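Notes to accompany the following structure.
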Amino acid sequence: MIAELPPGLILIVGALLIPLLRPHLRPYLMLALPVAALVQLLTLPAGLHAQVDILGHSLVFLRIDGLSFVFGLIFLIAAVLNVIYGWHEDDPVQQVSGLVYAGAAVGAVFVGDLVSLFVFWELTAIASVFLIWASRTERAYRAGMRYLLVQIGSGVILLAGVILHYRATGSIAFDRLELTGLPTALILFAFGIKCAFPLLHNWLQDAYPEATVVGTVILSAFTTKLAAYALARSFAGTDMLIWIGAIMAVFPIVYAVIENDLRRVMAYILNNQLGFMVVGVGIGTPLALNGVAALAFCGILYKALLFMCLGAVLFRAGSARASDLGGLWKSMPWTTGFCIVGGASISAVPLFAGFIAKSMVLAAVAEGGHWIVWLVLLAASAGVFHQTGLRIPYAAFFARNPEIRCREAPLNMLAAMGITSLLCIAIGVYPAMLYAVLPYQVDFAVYTASHVVTQLQLLAFAALAFSILLRHRVYPQDVPSINLDSDWIYRRLLPAFVDVYRDGLRMMRFRAIARAQVRLNRFIAAVYRHHGPQGVLARTWPVGSTVLWVAVLLCVTLVFYYIE
Amino acid sequence: MSLDDVLGLFNYWMVIVLMMTGLYIVVSRGNLVKKIVGLNIFQTSVFLLYISMGKVSGGTAPILTGKPEVYSNPLPHVLILTAIVVGVATTALGLALVVRIKNAYGSIEEDEIQTMDLVAESEAETTGHRR
Amino acid sequence: MIDTTINFALLLFLAATAFSILRRTTLFSVVMLSGVFSFVSALLLVHLDAVDVAFTEAAVGAGISTVLMLSTLALTARHEAPASRSRALPLIVVFLTGLALIYGTLDMPHFGDPSAPVHTHVAPRYITATATEIGIPNIVTAVLASYRGFDTLGETTVIFTAGIGVLLLLAGTIREPTGLRITAMDHHLVLRVVTKVLIGPILLFALYVQFHGDYGPGGGFQAGVIFAAAFIIYALVFGLEAARRAVPGRAVRWILAAGVLMYGGVGVVSFFFGKNYLDYSALGATATAGQHLGILLVEFGVGMTVSAVMVSTYYAFAGQNRPIGDEEW
Amino acid sequence: MIAYHLPILQIVVPLIAAPLSAFCRRAGMAWYLALIICAASFAISVALLVRVLDEGHISYLLGNWAAPWGIEYRIDAVNAFVLLIISGMGTMVLPYARVSIADEIEPHNQALFYTCYLLCFAGLLGMVITGDAFNAFVFMEISSLATYVLVALGAKRDRRALSAAFTYLVMGTIGATFFVIGIGLVYMVTGTLNMADLAARLQGLEQNRTALVAFAFIVTGIGLKLALFPMHLWLPNAYAFAPSAVTVFIAATATKAAVYLMLRFLFTVFGTDYNVLGLTLTYMFTPLALAAMFAASTVAIFQFEIKRMLAYSSVAQLGYTVLGISFASVTGLTATMIHLFNHALMKGALFMAVGAIVLRHGAATIDSVRGLGRTMPWTMAAFVAGGLSLIGVPLTVGFISKWYLVAASLESGRWPIAVLIVLSSLIGVIYIWRVIEAAYLEKPPEGRTAREAPLSMLIPTWGLVGANIYFGIDAELTSRVAGAAARLLLWVAP
């Protein structure tokens, strides 16, 4: 059984042992676990393993094929990087929940059937909420609660979908699902919640910034990408996803612009990147799926990098809000450098990881002939460049108004950021390494003249537009404001309605209870009159009348018999 | 309902009359001794029922006299011997109880006893609740 | 024809007595009437060929019950309180039940009809087989002691229970003898002399009845009561203390238990001969001799118990009250 | 030799022991003799049950006279089971009674008390074991007389015991006399007294009016002994004012013997094809049983004394037993038979717990129970367990009886009755809760120091509670025996 041990379980079980060790030994175990899982993953042959028959169903815990291998690989790499980044953190809650969360995500990727997917789906939700609560503030607690509600909700909807799907089709395999009836719609809805579809995305922007320094980095990597993988696995090629993806790519940019907290900006950008992936899944061609896998692979890396930088800034400067930060490049040169590399990768600057992944998706879109979507994605990537490539580094490090002096990020953070940047650049420079790992064999040359040229044009003009807007103060200043987007519905609108009805209901209920009370008292009094100690039934009757009853009964039975 | 029916069943009818009288005394009279007397009458009527059931017209007492004779049925006699003793036993116990009730309550009238009990019971309850 | 008239006359007389008991309010007359009622029913029983039963009814029903009731009256009230509740309802109910029962009697075999199932099924065997199987003339005693011997053991236990019950209820409140030598009866010379004369024959007669049970009417119950009657008269006339000296309470209690043990013991003895319980055939040389001996012993056991119960009950009742002056009688 | 004489030994042992115990002067010796005798008769009844289960039925001729002439003991699964209940409970009560009786009865009466107890014990056993109708009457009379005296002995604590005993005596005698009249009339139309012979000869007499009258008399007579609903008025006072140990004994056994007699006469003697039987069951037993269940339980709610409350709940539980009879189906009768056993356990445990409270407080009222949850934890815990079993909470015997009853009512197609059964046990919850609330949620009035009941009382109580739970879980034995008994009664092939 050891040979077939799913990598996810190694992480989960190992994580549970961490608190037993003394604090200074823990990081080494935490590093050993993902590395062991990586080794296990690499040694495992493809195909179905670790099948368990429970209650007549065969649950497949380990299924390795192209798609799951890629996601599993990047999840484990991310886990390693997170461990390095969180080396200084000695809060056991974060350490354990971080690794259990990573383990659950890895487990979920390799699962072969919907039921065990649901199990790991819930495990990711539960483990991840501790990362939010670990920052132990009232805001974090409340955000965590909302986050948990949404995540568990999605899990429960998934379960409902799975059950109905099982009743409809009799199979619980986690493969291609046609979006026909209610079951698959529910499953899609559940994936959609975790994949932060429009109107379902608020938990992402609400909870991620509240997590701890290390927590946000870990959170950014797993949940959303797992949802993307799930969509890719089951709903590849559903046209509806293309439009959802397109909307997802655009509207976060609008909010990101006016957002002051840089980590929340990054959350919006993360949502945008998911948009690209969802579009890729929507198209469903092998190229598109390769693009999704690549985008996921690189996305995890550069998003983690950016979150690490912001985390470092938060760790050192004590705040991640653009209005509070500025001029950090003198005191944190290395973090600034890594932030620029991250920004470049996410903006898909050639020679960086982002470029090779995004161009694949754009090529697939073009091949599919969805011109409108292609244009939208193009604009969106410009917006991304705007926000992450330029605004974040400028606002955080180069802006001059508040000059903040602080020490450079701790060594382990720098090491993690360094490795991630190295990986981004390496993949950017030598994409074949990544393409070998992708699920489908597609001959796609990235560095063609047309791709590079279009991309550079795009970036150059975006930079131009940014500097003009900035110069003329058209660009909205970083103002310390908290803005609510669509979650305004369930945080302001609904409570208002409820208050109105509640008072009305309370009055009605009060009156009804009063009436019932009166009737009940009357009934008890009546019963008491007959059955109470002096009541006709309970009184100690004189002997004579008791015997009378006997005679009556005898007479009645006799007469009754004669009549029959 | 011919004459011999009446003649034949008169015994049993009288038994029923006695039985009902006994029952009536027990039911309607409040005095405990009177009730026991009523009970006695009720039981004696049962004895007569059994014995008149066992009588064979023209038969003699079931004591063998050597000469071939028609005897009445001995079995009811045996049963009634037992029933009489049971009756006396019950009477003795009833009277003993009446004496004890007289000592405890000071009266052998059922209604008076019952009122005393009700008073005692409600007192116990009120003191119980008040505490 | 004479029989039926006597039969009806006695029945009507019984009914009349019952109604008068119903109406009387002075308890003394009620008790006396109930004594009369018992005697008349004994007469009727004799007329119905149930001699044993008549004997017992007279001795036990009339004798002991009346004595006990009188002593209860002495301890309690003389008069019955006027009825408080309306008597209409009970009257109606009783009347209706009576009618229903009379309607029910229509299918009964007629009085004295020899072909009735009662005379054709179980009883004939007793009449024919007693001479050979048990060999005593009085079939009632044979059935009483042997065929349905266990019933009689149960009956003895009933009377034993009554004795124990009365002891339990009243023994506690018996006042210690006050050592008062003179009792109310002292100056009734005539009574004292007559009782002295009577006690001997009564005891003798009791023993006769006890051992004559096999051949004629009589047996353990009747003998026991007559035996007890002798002591009760003695206690009535010469005072409770004198009676207690003659037959102490403790001795009575021992005889009480011994009687039942005697009866049960005879049954257990038949175990040792490998026979069923209360099967006397093994006791004597031949089966019938065994039956004879068994019945004798059993009847003797019953006699002991009954007499002991009657005496102890009387002691319990008499021990309750204070000596009553003449005027109160 | 012993094995052959087992049936008669079952009765003779206690019967002979009674006069022997009258010789003992000290209460301790009498108690000790009674304990040995009861244990012996319990052993005999267990042996009898085992023999009956594999031999079908045992017959023993008294005095070696053949059946209709002599008295015959006929033991089958039905009365072997009831024998077991009576002797079992009789044996369980004695260790409990040692201390309880010493407290509740005058010292000079305590020796004779055990004689009276043995007589009642022998009477009940004799009544159940016999195959002869008149013999059943004689032994019923023995047990009744002994019970009147036992109830009257409660007068040391409360004088109302005397009037209760007198009422019970008059009602009991009327009931017994009705029963004798019934037997007399049946004897008149058939000529025999042996039950099996009676059954055979009654077949052709469906239309005979006298047999009808006899049936009415017997049903009313036993119904009175059984405290069937309108005739139950003697029971509450008798149970409430009798000494606690006596209440435990008669609550668990007296009515059970009467129920057995009712079953025996209804189903074995008159038989199910007796036309009037079906009518009686549906038009008389069912309404009376339901009336008993609801009226008695409701009255129990308002009671102040706990023993009277439990007495009324006994009337209600007897309602369930009679309801089981009224279905006249195998499941119905199984429910009745099992409820006999279960009710004995339930009420035994409850009354023992209340007896312990009476020992410590002189009276068991809602007021005296206040705050006992802490001062007498074990007793109150036993009461709670008994109460739960009474309500019919799963894992207790109560649940098993309710289960069979509901199954029987559904099987007979009258599902509203099943609903009523559940409703009435809800009422049961109310009055049990009343006591529990007083015991656990209220403070004991100051100045009341109560020690826990003595061990000699707690062990039997908890023995019964243990039995309550054990037979609640593993009901295989009781249901097998009850099933065999039900099939026997309905003449269904086993």
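Residue numbers (our numbering), protein chains in the order written: chain A, 42 to 605; chain B, 807 to 937; chain C, 0 to 328; chain D, 263 to 756.
Backbone N, C-alpha and C fix where the C-beta goes; we use that ideal spot for every residue, glycine too.
In this text, all values refer to a predicted model and were calculated from it rather than measured experimentally.
Contiguous alpha helix (DSSP H) elements confined to the region 191 to 248 of chain C occur at 219 to 237 and 239 to 245, taking only those with 4 or more residues. Taking C-beta atoms as the reference points, residue 404 of chain D and residue 160 of chain C count as a pair closer than 7 Å. As DSSP reads the structure, residue 738 of chain D sits in no beta bridge. Look at the beta carbons and you see the region 267 to 286 of chain C not touching the region 190 to 207 of chain C: under three pairs across the two are nearer than 8 Å. Against chain C, the CB of residue 550 of chain D has no partner CB under 7 Å away; the residue lies outside that interface. For the region 312 to 332 of chain D, the beta-carbon criterion of a distance under 8 Å to any beta-carbon of chain C is satisfied by 322, 323, 324, 325, 326, 327, 330, 331 and 332. Boundaries of the beta strand (DSSP E) harbouring residue 94 of chain A: 88 to 95, taken from the DSSP string. Taking C-beta atoms as the reference points, residue 130 of chain A and residue 255 of chain A count as a pair closer than 7 Å. For residue 321 of chain D, the enclosing beta strand (DSSP E) has its first and last residue at 320 to 323. Residues of chain A with a Cβ closer than 7 Å to the Cβ of residue 560 of chain D are, in chain order, 568 and 572. With a threshold of 7 Å between beta carbons, residue 478 of chain D makes contact with chain A. One thing to note: residue 658 of chain D has its Cβ no nearer than 7 Å to the Cβ of residue 667 of chain D. Close to residue 836 of chain B, with beta-carbon spacing below 9 Å, lies no residue of chain D; the smallest spacing is near 12 Å. CA-CA distance, residue 654 of chain D to residue 660 of chain D, rounds to 4 Å.
Among the residues facing chain C, residue 278 of chain D is included, as its CB has a counterpart in that chain under 7 Å away. Per DSSP, the unbroken alpha helix (DSSP H) holding residue 386 of chain A starts and ends at 374 to 387. Using a Cβ-Cβ distance cut-off of 8 Å, the region 144 to 156 of chain A and the region 177 to 194 of chain A are not in contact, since fewer than three pairs of beta carbons, one from each stretch, lie closer than that value. Legend: CB atoms of the region 484 to 495 of chain D lying less than 7 Å from CB atoms of chain A belong to residues 486, 492, 493 and 495. If you check each beta-carbon in the region 35 to 58 of chain C against every beta-carbon of chain B, the ones closer than 8 Å belong to 36, 37, 40, 43, 44, 47, 48, 49, 50, 51, 52, 55 and 56. Residue 431 of chain A and residue 485 of chain A have their alpha carbons spaced roughly 30 Å apart. Measuring C-alpha to C-alpha distances from residue 306 of chain A to each of A/316, A/315, A/248 and A/294 identifies A/294 as the nearest. Going by DSSP, residue 104 of chain A is part of no alpha helix (DSSP H) but of the beta strand (DSSP E) stretching over 98 to 105. Taking C-beta atoms under 8 Å as the contact rule, residue 48 of chain A and residue 87 of chain A fail to qualify, at a distance of about 14 Å. Comparing alpha-carbon positions, the option among A/315, A/403 and A/357 lying closest to residue 495 of chain A turns out to be A/403. Put simply, the region 490 to 497 of chain D touches the region 589 to 600 of chain A. At least three CB pairs are less than 8 Å apart. Take the alpha-carbon of residue 513 of chain A and the one of residue 389 of chain A: they are about 27 Å apart.
Residue 337 of chain D carries a strand assignment under DSSP once its states are collapsed to helix, strand and coil.
Linking residue 91 of chain C to residue 20 of chain C through their CA atoms gives a straight-line distance of about 19 Å.
Distance check between residue 250 of chain A and each of A/537, A/182, A/327 and A/292 places A/182 closest, using alpha-carbon atoms only. Taking residue 41 of chain C as reference, the option from C/6, C/67 and C/310 with the minimal CA-CA separation is C/6. In the DSSP assignment, residue 362 of chain A is bridged to A/302.
Of C/71, C/26 and C/187, the smallest CA-CA separation from residue 903 of chain B is found for C/71. Look at residue 45 of chain A here: in three-state DSSP terms it is coil, with no helix or strand label.
Spatial neighbours of residue 630 of chain D in its own chain (CB-CB distance under 6 Å, excluding positions within 5 residues in sequence) are listed in chain order as 623. Here residue 64 of chain C is buried: its Cβ has 16 or more other Cβ atoms, across all protein chains shown, within 10 Å. From the beta-carbon of residue 541 of chain D, the residues of chain A found nearer than 9 Å are 601, 602 and 605.
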